[in-house]
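Written below as structure tokens is the structure these notes are about.
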Amino acid sequence: MVLSLQHGLLFSALLFAIGAAGVVVRRNIVVVLLSVEMMLLAAGAALLAFARWTLLPEGQWIALFALVVMGAEAAVGLALAVACFRLRGTLLANEMRQLRE
Amino acid sequence: MEFTIFAIMAAASLLCAVMVLAGQGTLESAAWFTGCLVAVAGIFALQAAPFLAVAELLLAAVAMMALVLSAIVFIRKGGERHRRRVLDFGRVLGGMAAAYLAIVLVVAIWRPPFLEAPGSGQAYEAPSSLAMVLFGRYAAAFELAGVLLVVTTVAAIALVKREEARGGDAGEGQEVELEPPLPSANRELRAADDGVEGEKG
Numbered sequence: 001m002v003l004s005l006q007h008g009l010l011f012s013a014l015l016f017a018i019g020a021a022g023v024v025v026r027r028n029i030v031v032v033l034l035s036v037e038m039m040l041l042a043a044g045a046a047l048l049a050f051a052r053w054t055l056l057p058e059g060q061w062i063a064l065f066a067l068v069v070m071g072a073e074a075a076v077g078l079a080l081a082v083a084c085f086r087l088r089g090t091l092l093a094n095e096m097r098q099l100r101e
Numbered sequence: 102m103e104f105t106i107f108a109i110m111a112a113a114s115l116l117c118a119v120m121v122l123a124g125q126g127t128l129e130s131a132a133w134f135t136g137c138l139v140a141v142a143g144i145f146a147l148q149a150a151p152f153l154a155v156a157e158l159l160l161a162a163v164a165m166m167a168l169v170l171s172a173i174v175f176i177r178k179g180g181e182r183h184r185r186r187v188l189d190f191g192r193v194l195g196g197m198a199a200a201y202l203a204i205v206l207v208v209a210i211w212r213p214p215f216l217e218a219p220g221s222g223q224a225y226e227a228p229s230s231l232a233m234v235l236f237g238r239y240a241a242a243f244e245l246a247g248v249l250l251v252v253t254t255v256a257a258i259a260l261v262k263r264e265e266a267r268g269g270d271a272g273e274g275q276e277v278e279l280e281p282p283l284p285s286a287n288r289e290l291r292a293a294d295d296g297v298e299g300e301k302g
């Protein structure tokens with residue numbers, strides 16, 4: 001079997017779906033952040049698959065920018081998680097209920 | 102051959118991704134996510150993007166560092182108590198929605214006959230093609246990405262900085278004081294000014 005566009009896209013789709021499941025299912029906000037990173041990674045993989053099959057290096061540039069955004073968002077997200085943990089004493093999303101009722 | 106390596110890398114990456122979901126606590130999930138990053142770096146290399154693969158490996162290394170730091174911050178203070186698993190309706194529904202998304206995407210993508218790669222991609226795979234794009238046409242966007250990273254670093258440090266009024270933990274280490282506490286500083290400055298004025302006249 002030859003590696004083709006659909007295989008790369010299939011991998012990207014499955015990774016994105018797993019990341020989306022992680023965002024919804026997990027309560028730990030750090031793990032939710034990691035799942036969002038996983039979705040960004042999947043988008044980058046799809047971009048690279050398309051760029052490989054159209055031979056356009058702009059796809060690589062967009063994927064690199066997606067990696068940059070991933071790192072930046074991870075930094076700010078982790079800083080927010082640390083701040084939240086210091087204030088609330090917990091990392092679980094369903095225990096941070098000060099805004100309820 | 103290429104397909105075999107791709108299949109192995111993809112399987113490893115998806116397995117690590119599923120373990121991120123199934124891992125208990127922050128540390129285990131972050132460790133599995135680092136493994137996922139390394140496997141996806143292999144996928145990037147197979148998609149004829151070697152520079153991005155190396156950049157991805159660097160990110161994986163940074164992720165491991167963030168993992169260690171998060172372990173220090175969260176677990177050292179005893180905040181990582183393992184709660185029992187809660188299976189409520191919202192989470193089950195969310196999981197089912199994600200599974201439905203996976204099914205829809207797979208059905209949309211999977212239509213044979215599969216396209217073959219056009220050309221050998223040698224010119225595409227060389228880093229010079231990406232360099233022409235990065236530093237030539239989209240140089241301004243590249244610089245803006247750098248500005249974004251600097252702003253993010255400053256923001257992350259500002260978010261983590263402790264307020265001095267909170268008290269917090271005494272043994273946590275030195276906090277960065279960006280501005281002096283107001284009343285005492287003013288008192289000292291006023292005393293210095295009075296001294297100077299007293300000397301003058």
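Protein sequence lines correspond, in order, to chains R and P. For the first sequence, counting from 1, position 13 maps to 13 in the working numbering; every step adds exactly one. Position in the second sequence counted from 1, then plus 101, gives you the working numbering. Each residue gets a CB set at the ideal place from its N, CA and C atoms; glycine is no exception. What you are looking at is a predicted structure, and each value in this text was computed from that prediction instead of being measured.
Excluding five sequence positions before and after Ala51/R, the CB atoms of its chain that fall closer than 6 Å to its own CB belong to Gly59, Gln60, given in chain order. Glu157/P is classed as buried because its beta carbon has at least 16 other beta carbons within 10 Å across all chains shown.
A contact between stretches requires three or more CB pairs, one per stretch, nearer than 8 Å, and the region 107-115 of chain P meets this requirement with the region 124-144 of chain P. Exposure of Phe104/P is indicated by the presence of fewer than 16 other C-beta atoms within 10 angstroms of its C-beta. Inter-residue distance for Glu217/P and Ala66/R is about 26 Å (C-alpha atoms, whole angstroms).
If you check the CB distance, Met110/P and Thr135/P do not come in under 8 Å. Nearest neighbour of Ala257/P by Cα position, chosen from Ala75/R, Ile62/R, Leu34/R, turns out to be Ala75/R. In the structure shown, the three-state DSSP call for Leu160/P is helix.
Assignment of Leu235/P by DSSP, reduced to helix, strand and coil, places it in the helix class. By alpha-carbon distance to Thr254/P, the top candidate from Met96/R, Ala79/R, Leu87/R, Asn94/R is Ala79/R. From the beta-carbon of Met38/R, the residues of chain P found nearer than 8 Å are Ala118, Val121, Phe134, Cys137.
Think of a sphere of 8 Å around the beta carbon of Met96/R: no beta carbon from chain P falls inside it, the nearest being about 13 Å out. Excluding residues up to 5 positions away in sequence, Arg27, Asn28, Ile29 lie with their Cβ nearer than 8 Å to the Cβ of Leu92/R in the same chain. Spanning the alpha carbons of Asn94/R and Ser4/R requires a straight line of approximately 43 Å.
Taking a Cβ-Cβ threshold of 8 Å, the residues of chain P close to Arg52/R are Gln148, Ala149, Ala150, Ala218, Gly222, Tyr225, in chain order. In this structure, the alpha-carbon of Ala246/P lies about 20 Å from that of Val36/R. In terms of Cα proximity to Val248/P, the closest of Arg100/R, Val68/R, Phe11/R is Val68/R. Neighbours of Leu67/R in chain P, taken as residues at a C-beta separation under 9 Å, are given in chain order as Leu153, Ala156, Glu157, Leu160. Under the DSSP definition of a beta bridge, Leu80/R lacks any partner. Our two residues, Gly77/R and Gly126/P, have alpha carbons roughly 17 Å apart in a direct line. At a cut-off of 8 Å between C-beta atoms, Ile144/P counts as an interface residue with respect to chain R. CA-CA distance, Ser171/P to Trp133/P, rounds to 14 Å.
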